[in-house]
Amino acid sequence: MAKEINRIGVFCSGGDAPGMNAAVRAVVRTAAYHDLHTYGIYNGYEGMINGDIHRLETNDVGNIIHRGGTILKTARSERFRTKEGRRMAHESLMAHDIDALVAIGGNGTLTGANLFEKEFNIPIIGLPGTIDNDLYGTDFTIGFDTAVNTAIEAVDKIRDTADSHNRLFFIEVMGRQSGYIALYTAVGSGAGSVLIPELSKDIEELMSFLKKMLKRKRLFGLVITAEGNENGSTQEVANMVSKKLTDYEVKVAVIGHLQRGGSPTAMDRMLASRTGHAAVEGLIKGQRNVMCGVHNNKVVFIPIADAIKKTKSIEQELLDLAELLSL
Ligand code: F6P
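As structure tokens, then:
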């Protein structure tokens with residue numbers, strides 16, 4: 000028999016992602032529908048340790064579905080990595096009689112949740128809240144679609160000026176360990192080449208692609224790099240290329256945190272609302288230590304251990320597509 004749940008704590012942790020607010024709203028309103036109480040834990044695991052915990056009523060999550068960032072704030076907590084930090088966090092939860100958690104965040108957040116659930120036997124459901132799209136078991140993560148749309152909008156603008164001046168632009172998008180944003184941005188913006196952490200492409204390969212472009216009288220170029228690509232920083236890669244290829248004037252643009260903000264797209268609002276709702280329903284039915292995602296347009300529950308440890312592979316097909324369509 001699953002333990003009865005009365006009070007759910009919800010928090011966001013790690014890097015923020017557009018759609019987190021829609022997820023919080025879905026959790027609070029689904030809980031209220033079942034006459035359960037929701038407590039917002041502010042500033043992620045840090046706030047849990049500090050007891051920064053407050054009741055959330057349905058009205059508190061009104062007018063937030065369209066807002067980027069997170070009303071609960073977020074943080075990366077070093078203290079939660081320690082046993083003592085986690086003990087303090089558990090004490091705060093007990094002080095508020097919180098008997099289940101919904102954790103919204105990426106790999107680091109869910110790694111912490113996995114450990115916490117095992118140490119203190121508290122039911123936890125994770126929601127994939129990260130722009131990086133690097134969690135296994137869900138087709139997309141909350142915030143990814145918005146981040147890619149933002150990046151594409153930026154690349155479209157750079158394309159105009161690259162074209163006017165016949166320049167080769169290296170455009171860096173986010174993703175220290177994940178190339179999803181770079182890959183989708185490249186295909187969606189029509190950029191020719193993409194450098195990502197998962198699949199190394201050496202500079203020679205890139206050079207031969209750029210030479211092919213030149214042969215076909217492409218007078219300007221767009222190369223998308225993920226911040227974690229293995230060839231060095233985007234500026235270093237651009238320097239290497241500009242030394243070897245003098246036909247182009249080379250420029251660098253870093254899109255940066257612009258990608259993390261802004262109003263969530265319809266796709267992110269849908270994903271957040273569906274998984275936020277399903278997380279509460281899942282807790283009521285006895286699900287625990289799982290991440291709730293969407294796969295093939297169906298809500299699914301994946302063991303958190305799998306979501307964080309198994310690798311979501313990059314589609315080589317999309318990499319090839321970016322190159323093929325831009326020549
Ligand atoms: O995990 C999301 C993410 O935006 C990564 O793509 C990026 O590498 C990292 O966070 C940046 O983190 P911060 O905002 O702490 O510099």
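Note that numbering that gives the first Met the number 0 has the sequence shown beginning at 0, numbered continuously upward. From the three backbone atoms N, C-alpha and C, an ideal C-beta is built for every residue, glycine too. Computed from a predicted structure; not experimentally measured.
Span of the alpha helix (DSSP H) holding residue i?
{"i": "Val-253", "result": "No alpha helix (DSSP H) contains Val-253, which is instead part of the beta strand (DSSP E) from 248-253."}
{"i": "Asn-26", "result": "What sits at residue 26 in the sequence shown is Val, not Asn. First-last of the alpha helix (DSSP H) with Val-26: 19-32."}
{"i": "Ser-91", "result": "82-94"}
{"i": "Tyr-44", "result": "43-49"}
{"i": "Gly-187", "result": "179-188"}
If residue i and residue j are in contact, beta carbons under 8 Å, what's the gap, nearest whole angstrom?
{"i": "Gly-281", "j": "Val-289", "result": "7 Å"}
{"i": "Thr-57", "j": "Cys-11", "result": "With 8 Å as the limit, Thr-57 and Cys-11 do not qualify as a contact, their Cβ atoms being about 19 Å apart."}
{"i": "Glu-229", "j": "Pro-196", "result": "6 Å"}
{"i": "Ile-103", "j": "Asp-267", "result": "Contact flag wrong, Cβ pair sits at about 12 Å."}
{"i": "Thr-310", "j": "Tyr-135", "result": "7 Å"}
{"i": "Tyr-44", "j": "Ile-97", "result": "Not quite, the Cβ-Cβ distance comes to about 14 Å (not below 8 Å), so this is no contact."}
{"i": "Leu-324", "j": "Gly-189", "result": "7 Å"}
{"i": "Asp-51", "j": "Asn-42", "result": "6 Å"}
{"i": "Ala-88", "j": "Met-47", "result": "4 Å"}
{"i": "Glu-90", "j": "Gly-191", "result": "The Cβ separation is near 55 Å, so there is no contact."}
{"i": "Ala-21", "j": "Ser-262", "result": "Incorrect: roughly 10 Å between the Cβ atoms, too far for contact."}
{"i": "Ile-124", "j": "Gln-286", "result": "6 Å"}
{"i": "Val-338", "j": "Thr-233", "result": "This structure gives no information on residue 338, because the portion of the chain shown stretches from 0 to 326."}
{"i": "Leu-209", "j": "Leu-318", "result": "Incorrect: roughly 16 Å between the Cβ atoms, too far for contact."}
{"i": "Leu-182", "j": "Ile-64", "result": "Going by Cβ atoms, the distance from Leu-182 to Ile-64 rounds to 28 Å, so no, they are not a contact pair."}
{"i": "Arg-6", "j": "His-36", "result": "5 Å"}
{"i": "Asn-328", "j": "Ile-307", "result": "Residue 328 falls outside the range modelled here, since the chain spans only 0 to 326, and no answer is possible."}
{"i": "Val-23", "j": "Leu-92", "result": "17 Å between Cβ atoms; not a contact."}
If you measure from the CB of residue i, is any heavy atom of the ligand F6P nearer than 7 Å?
{"i": "Ile-130", "result": "yes"}
{"i": "His-256", "result": "yes"}
{"i": "Arg-175", "result": "yes"}
{"i": "Arg-259", "result": "yes"}
{"i": "Gly-18", "result": "no"}
{"i": "Val-14", "result": "Contrary to the premise, residue 14 reads as Gly rather than Val in this sequence. Under cutoff, so the answer is yes."}
{"i": "Lys-171", "result": "This sequence places Glu at residue 171; Lys is not what is there. No, since every heavy atom of the ligand F6P falls outside the 7 Å radius drawn around the Cβ of Glu-171."}
{"i": "Gly-105", "result": "yes"}
{"i": "Glu-226", "result": "yes"}
Can you tell me where the beta strand (DSSP E) holding residue i begins and where it ends?
{"i": "Glu-171", "result": "166-172"}
{"i": "Ile-103", "result": "99-104"}
{"i": "Thr-37", "result": "36-40"}
{"i": "Val-9", "result": "6-11"}
{"i": "Leu-194", "result": "192-194"}
{"i": "Arg-54", "result": "52-55"}
How about residue i: is its Cβ closer than 7 Å to a heavy atom in the ligand ADP?
{"i": "Asp-159", "result": "The ligand ADP is not part of this structure, which contains only the ligand F6P."}
* **Minimum length 4: unbroken alpha helix (DSSP H) runs contained in the stretch 204-234** => Fully enclosed alpha helix (DSSP H) runs of no fewer than 4 residues are not present anywhere in the stretch 204-234.
* **the stretch 159-174 in contact with the stretch 222-235 per 3-pair CB rule at 8 Å** => The stretch 159-174 is in contact with the stretch 222-235.
* Counting pairs of beta carbons, one from the stretch 148-155 and one from the stretch 105-120, are three or more of them closer than 8 Å? -> These segments do not touch.
* To do: Entirely within the stretch 249-317 and at least 3 residues each: give me those beta strand (DSSP E) ranges in chain order.
  => For the stretch 249-317, whole beta strand (DSSP E) runs of length 3 or above, ordered along the chain, are 289-294, 297-302.
* Check whether the stretch 232-252 touches the stretch 118-133, counting contact only when three or more Cβ pairs, one atom from each stretch, lie closer than 8 Å. => Remark: fewer than three beta-carbon pairs, one from each stretch, lie closer than 8 Å, so the stretch 232-252 and the stretch 118-133 are not flagged as touching.
* Could I get the ranges of all uninterrupted beta strand (DSSP E) runs contained in the stretch 111-142, with 3 residues as the minimum, in chain order? => Fully enclosed beta strand (DSSP E) runs of 3 or longer: 123-127.
* Asked: If you pair each beta-carbon of the stretch 23-33 with each one of the stretch 74-93, do three or more pairs fall below 8 Å?
  -> With a cut-off of 8 Å on Cβ pairs, the stretch 23-33 is not in contact with the stretch 74-93, counting fewer than three such pairs.
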